[in-house]
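In the working numbering, the protein residues as written are -6 to 149.
In structure tokens form, the structure reads like this:
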């Protein structure tokens, strides 16, 4: 699969339908950054007239995870990926259209390179910043991704 916004959104529909139904959509991706949008609406609201925190987390995670998947694909090697932990800071109510942007593509590329060189799992903290239509930060989310080369059947 080529990593385009359209293909990521198809992936969402089939593999992460809850995110798709909540309105999470990839807007763009390249080797360095990924942007994901989500608009506050009835299906993703909380009782406080703003976006539910878990919806923000889905969009933020996608902005980091799509970069991980893209660099794994480009490596040409089977590599497992998993979120080990995350940290979130919420600074403003999320209303309107929120854009989550991660610009840590080079960091995960280096972690994958190191994992392949050593055969050992590596971790990489990636940050996604959510901003509203006025350019104000509404949340900052950090995800610690682990990447580890998969063992081939004949190597076990």
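Each residue gets a CB set at the ideal place from its N, CA and C atoms; glycine is no exception.
Taking the CA atoms as reference points, residue 71 sits about 16 Å from residue 103.
According to the DSSP assignment, residue 41 belongs to no alpha helix (DSSP H), since it is labelled neither H nor E. Sorting 107, 140, 78, 97 by C-alpha distance to the C-alpha of residue 122 places 97 at the top. When rounded, the separation of the alpha-carbon atoms in residue 41 and residue 48 is 14 Å. Spanning the alpha carbons of residue 4 and residue 53 requires a straight line of approximately 16 Å.
By the CB criterion at 9 Å, residue 27 and residue 63 fall inside the cutoff.
A straight-line Cα-Cα distance of about 19 Å links residue 132 and residue 59. Of the candidates -1, 111, 57, 33, the residue whose Cα lies closest to the Cα of residue 137 is 57. For residue 31, the enclosing beta strand (DSSP E) has its first and last residue at 27 to 32. In this structure, the beta-carbon distance from residue 93 to residue 31 falls below 9 Å.
In the three-state DSSP reduction, residue 111 falls in the helix class (H, G or I).
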